[in-house]
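Participant: Read the sequence shown against numbering that gives the first Met the number 0 and you will find it ends at 234, with the numbers running on by one and no gaps.
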Amino acid sequence: MAGGDDLKLLGAWPSPFVTRVKLALSFKGLSYEDIEEDLASKSELLLSSNPVHKKVPVLLHNGKPICQSMVIVQYIDEAFAGTGPSLLSSDPHERAIARFWAAYIDDKLVTSWVQSFRGKTEEDKSEGTKQMFAALDTLEGALRECSKGEGYFGGESVGLVDVSLGSLLSWLNATEVMSETKIFDPIKTPLLAAWAERFRELDGANAALPETDRMVEFAKKRQAQAAAAAAASDN
Numbered sequence: 000m001a002g003g004d005d006l007k008l009l010g011a012w013p014s015p016f017v018t019r020v021k022l023a024l025s026f027k028g029l030s031y032e033d034i035e036e037d038l039a040s041k042s043e044l045l046l047s048s049n050p051v052h053k054k055v056p057v058l059l060h061n062g063k064p065i066c067q068s069m070v071i072v073q074y075i076d077e078a079f080a081g082t083g084p085s086l087l088s089s090d091p092h093e094r095a096i097a098r099f100w101a102a103y104i105d106d107k108l109v110t111s112w113v114q115s116f117r118g119k120t121e122e123d124k125s126e127g128t129k130q131m132f133a134a135l136d137t138l139e140g141a142l143r144e145c146s147k148g149e150g151y152f153g154g155e156s157v158g159l160v161d162v163s164l165g166s167l168l169s170w171l172n173a174t175e176v177m178s179e180t181k182i183f184d185p186i187k188t189p190l191l192a193a194w195a196e197r198f199r200e201l202d203g204a205n206a207a208l209p210e211t212d213r214m215v216e217f218a219k220k221r222q223a224q225a226a227a228a229a230a231a232s233d234n
């Protein structure tokens, strides 16, 4: 890291959006102070750093806040261009394509996964699952196109789209365990299944991804709390 750079990350470990920033920092080889926020009692630092949305993640670079996970990841890549591998291509068209697919992951995959997990009815959850697999099928084609026969969306090395999708792996793995449904199916989406295995084995990913067992435990606790709240509201 350049001399004098001070990085602090305001986050909460279960958040895939916080994980996304941790992945970018890890792949770039940047050291930072990891500040865990209590989202039930948000700190003044978080509220003053992100007064619009009041959400994590927030990256503080020499005291200046940057908000929203994909904005932060791109900021890291630009601000520390001379450190570690580049997450975005120097080619404008390739950068635009990467940004498109990163946005697609949040708009389609994350949204449908949340619906499959938190839907109010079984029909809602079923529709969410259906849309999630449709999004994964589309991403299989995107990986085939973007990788150009190499291992990652970024080609030979990890790029913006890999970081974006990789940040969801712990949650998707936990969902597989809890639902007994294979999300990265080697038969239906063989490229994505191989990509997920390859990504998990990277040192930079190992350093940033929460353990699946810890995520399952957290998810079950959240489900129990939601069920108790729903039961209380019915009485």
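Just so you know, even glycine gets a beta-carbon here, dropped at the ideal spot from N, CA and C.
In its own chain, which residues sit with a C-beta less than 6 Å from the C-beta of Thr188, not counting the 5 before and 5 after it?
Facilitator: Counting from one through the sequence shown, the residue named residue 188 turns up at place 189. Only Leu135 and Glu139 meet the Cβ criterion.
Participant: Assuming the contact rule is C-beta atoms closer than 8 Å, Asp33 and Leu8 should be a hit. Round their C-beta distance to whole Å, please.
Facilitator: Start at 1 with the first residue of the sequence shown, and residue 33 comes out as number 34. Start at 1 with the first residue of the sequence shown, and residue 8 comes out as number 9. The pair is a contact, with the Cβ atoms about 6 Å apart (cut-off 8 Å).
Participant: When DSSP builds the beta bridges, which residues end up paired with Cys66?
Facilitator: In the sequence shown, residue 66 corresponds to position 67, counting from 1. Bridge partners of Cys66: Val57.
Participant: Exposed or buried, which one is Ala141 when buried takes at least 16 other CB atoms within 10 Å?
Facilitator: Position 142 of the sequence shown holds residue 141. Answer is buried; the Cβ neighbour count reaches 16.
Participant: Nearest-angstrom Cα distance between His60 and Gln67?
Facilitator: Against the sequence shown, residue 60 aligns to sequence position 61. Against the sequence shown, residue 67 aligns to sequence position 68. Annotation: His60 to Gln67 spans about 14 Å, alpha carbon to alpha carbon.
Participant: I believe Leu24 touches Tyr31 by the beta-carbon criterion, under 8 Å. Please report the beta-carbon distance rounded to the nearest angstrom.
Facilitator: For the purposes of this step, residue 24 is identified with residue 25 of the sequence shown, where counting begins at 1. For the purposes of this step, residue 31 is identified with residue 32 of the sequence shown, where counting begins at 1. With a Cβ gap of about 6 Å, Leu24 and Tyr31 count as contacting.
Participant: Considering only residues of the same chain and omitting the five flanking positions on each side of Leu167, which have a CB-CB separation below 6 Å?
Facilitator: What you label residue 167 is simply residue 168 of the sequence shown in a count that begins at 1. Same-chain partners within the cutoff: Pro15.
Participant: Let me know the secondary structure DSSP gives Tyr31 once reduced to three states.
Facilitator: In the sequence shown, the residue the question calls residue 31 occupies position 32. Residue state, collapsed to three classes: coil.
Participant: Using the Cβ count rule (16 or more neighbours within 10 Å means buried), how would you classify Asn172?
Facilitator: Stepping through the sequence shown from its first residue, residue 172 is reached at position 173. Buried, because 16 or more other Cβ atoms sit within 10 Å of the Cβ of Asn172.
Participant: Cα-Cα, which of Asp76, Thr128, Val51 and Trp12 is closest to Glu179?
Facilitator: Here residue 179 refers to the residue found at position 180 of the sequence shown. The residue among Asp76, Thr128, Val51 and Trp12 with its C-alpha nearest the C-alpha of Glu179 is Thr128.
Participant: Which value, in whole angstroms, describes the spacing of the CA atoms of Asp186 and Phe132?
Facilitator: Along the sequence shown, read from residue 1 onward, the residue named residue 186 stands at position 187. Along the sequence shown, read from residue 1 onward, the residue named residue 132 stands at position 133. This sequence places Ile at residue 186; Asp is not what is there. So the alpha carbons of these two residues sit roughly 13 Å apart.
Participant: Can you have a look at Lys27 and say buried or exposed, based on whether 16 or more other CB atoms are within 10 angstroms of its CB?
Facilitator: Locating residue 27 in the sequence shown gives position 28, where the first residue counts as 1. It counts as buried.
Participant: Flag this pair as yes or no: are the beta carbons of Leu46 and Lys54 separated by less than 8 Å?
Facilitator: By one-based count along the sequence shown, residue 46 stands at place 47. By one-based count along the sequence shown, residue 54 stands at place 55. Not in contact: Leu46 and Lys54 (Cβ atoms no closer than 8 Å).
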